[in-house]
Structure formats: C-alpha cells, structure tokens
Amino acid sequence: MNSAKRRINSTGRKKISQDKIDLRILAAVPGEPIRAKLGLDLESLGLPESAAVSVEAYHHSTAMRFDCGSVGAKKIPEIFSLNELDQAGGVLFRVKIVDREIQQGKILASADRVRPSIEGEHMGRKSIFPVEYRDLGQEVWRVDIDDDAGPFLLLNSKIPALMHRIHENPLVAGALLPAAFRIVLLHIAYNPSEDDEDGAGWKADWKRFCSEGLGVDDDPGDLEDDDARNVWVTDVVRCYCETKAFVEKARQMTPAEQTHG
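For the sequence shown, the positions run 13 to 273 when this note's numbering is used.
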C-alpha cells in the first residue's frame, strides 16, 4: 500500500503565494551587477501592520538581505542591486514577515525559493528552464544547476537579442537547446532526490514535462544502472527534438536565413 507524504505546518506560519509576489530580474547591463525589482501584496493575509518585512536574495553560498519596512508601511527599495551575489548563476529569493510585538522574532508568513521572472514576461509565468542574462566572457551560453534553485539557462548579455535569434533560427536553436536540456536531464538522472512537499520540486516539474509533454514515462529515479539512465536521457532529448522539428525547419530556410538568422 502506497502512502503519500504530507507536510504539516505546526507553527501557524502563513504561506505567501506566488501570485502575491511580483519579482523581476531587470535587463542585464554588461559590467554591472544583477538588478531586481519587487512588488509585494500582503493586504489579504491578515498580518499585523507592525510586522517587519524582509527579502533575501541568494545563490549558492552568497546572499543579500534587504529590510523592506513593515506590513503597514512597506519601504521596498526601488531597485535591488545584487552586487554581493555570485553573478554566475540564477538567483532565488525569500520573503519573510516577522513579528515585532507579541512574539518578537517569530516568522508569521514566508515564501521561499521564489523564482523571479525576467523583465518583459507576464507576472506568474513559470518556466521549468528560466533564461537569465549574464556577462559570460566569451561563452555564448551556460547551464547553471543547483539542487535548491533548479536549472537556469544563462545567455551572454553582450550578444544583442540572443534569445530572439535562438527562437528565429532553428539551426541555432537545434544546436543549443537540446545540448542544454541534456545537461539538466543528466543531472536529474544521476542525482535522484526526494522532491518538495507533494512533489512540487523542480525535478518533479521536469519529470512531468518529460511524461506529459514528451511521452517518456519512465521515472529516472527507478532506473537501476547508468546504461538505463543514459537511454532515458537520449529518449527525452530525441522526443524534444521531434516536437520542435529543428532539422525540418532548418531545411526550409534559405541560405541567407541560415547565415544571418
């Protein structure tokens, strides 16, 4: 008999849902640190107006904390300059509401592992493979994976309109995207771990995409050896390429489009 795990909140702490948080990474500027902007709606949570609001940005072992006033008088910085963070990967955020009167220091509400959207995306949009722009030197792209943050596709901010060029040119997309997907899939296959509450972790999101979006039903956590894991990765990449039809689309391009697309 299978039993589902259930996480019980015995502290009474409220969860701040994603739709209450509008966190955006602003367009990258070469040579400057990552910048972010925050909108926060706490009106419906029933929190004391005196409770302190704070935001923490983090990546790997680096973190920055920002005091943002109180629930009743928010003082959110217009721009968060994340100059003390590791600039080479994706950034996550924590939001905390802390009691300052009855039980000083008690966390009344929080949101953890908040993934920001990229400037220009719609609020609430969620991607299993978010794109961020970084100064990568002479690297065109890089995949950054953290078991806490999940994977990010990093594109070089020095190359104008790079994401647009990837979308518009199936030769570029077909060379870059399957290779990036393969890196993430290999990480999942060789680093099985339990997902977050009720299977809500990033690995669960990727496995759902493989099963429901691509029709590859095997769970890599159930595979017994490296050969089986490698076959799973290859099957997923093949199905992904088939859904995108990179080769067929590239064959239909004119020589000029292939060169300048």
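Note that beta-carbon positions come from the ideal geometry of N, C-alpha and C, so glycine has one too.
Whole-Å CB distance - residue i paired with residue j, under 8 Å assumed
i: H199; j: I157; result: 5 Å
i: G319; j: S62; result: Residue 319 lies beyond the range of the chain shown here (13 to 273); nothing can be said about it.
i: W244; j: A201; result: 6 Å
i: K32; j: V65; result: So it is not a contact: roughly 12 Å between Cβ atoms.
i: A69; j: S169; result: Contact flag wrong, Cβ pair sits at about 18 Å.
i: W222; j: V249; result: Sequence inspection shows Cys at residue 222; the Trp mentioned does not correspond to that position. Not confirmed; about 10 Å, so no contact.
i: C251; j: G227; result: 6 Å
i: L54; j: I88; result: Contact flag wrong, Cβ pair sits at about 11 Å.
i: E96; j: T74; result: 6 Å
i: R125; j: D160; result: 7 Å
i: G58; j: D147; result: No, G58 and D147 are not in contact; Cβ-Cβ is about 43 Å, not under 8 Å.
Sheet register partners of residue i (DSSP bridge)
i: P163; result: I157
i: E144; result: L166
i: R11; result: In the structure displayed, the chain extends from 13 to 273; residue 11 sits before or after that span and is not available.
i: L189; result: L189 pairs with nothing; no bridge assigned.
i: R36; result: K49 and S129
Contact under 8 Å by Cβ, residue i with residue j
i: K261; j: P182; result: yes
i: A276; j: R106; result: With the chain covering 13 to 273 only, the question about residue 276 has no answer from this structure.
i: S129; j: R47; result: no
i: V143; j: V196; result: no
i: R177; j: V184; result: yes
i: H71; j: V103; result: yes
i: K49; j: L38; result: yes
i: I119; j: R241; result: no
i: W153; j: A192; result: yes
i: S93; j: P45; result: yes
Cβ-heavy atom distance, residue i to the ligand PLP, below 7 Å
i: A262; result: Annotation note on the ligand PLP: not contained in the displayed structure, which lists no ligands.
**OP:** Please list the segments of the alpha helix (DSSP H) lying wholly inside the stretch 213-262, counting only runs of 4 or more residues, in order along the chain.
**Re:** Listed in chain order, they are 214-220 and 238-256.
**OP:** Flag this pair as touching only if the stretch 219-236 and the stretch 151-170 have three or more C-beta atom pairs under 8 Å; answer yes or no.
**Re:** The way I'd put it, the stretch 219-236 doesn't touch the stretch 151-170; fewer than three beta-carbon pairs between them come closer than 8 Å.
Original post:
Which ranges does the alpha helix (DSSP H) cover as unbroken runs of at least 4 residues, wholly within the stretch 44-130, from first to last along the chain?
Top reply: Secondary structure remark: continuous alpha helix (DSSP H) runs of at least 4 residues inside the stretch 44-130: none found.
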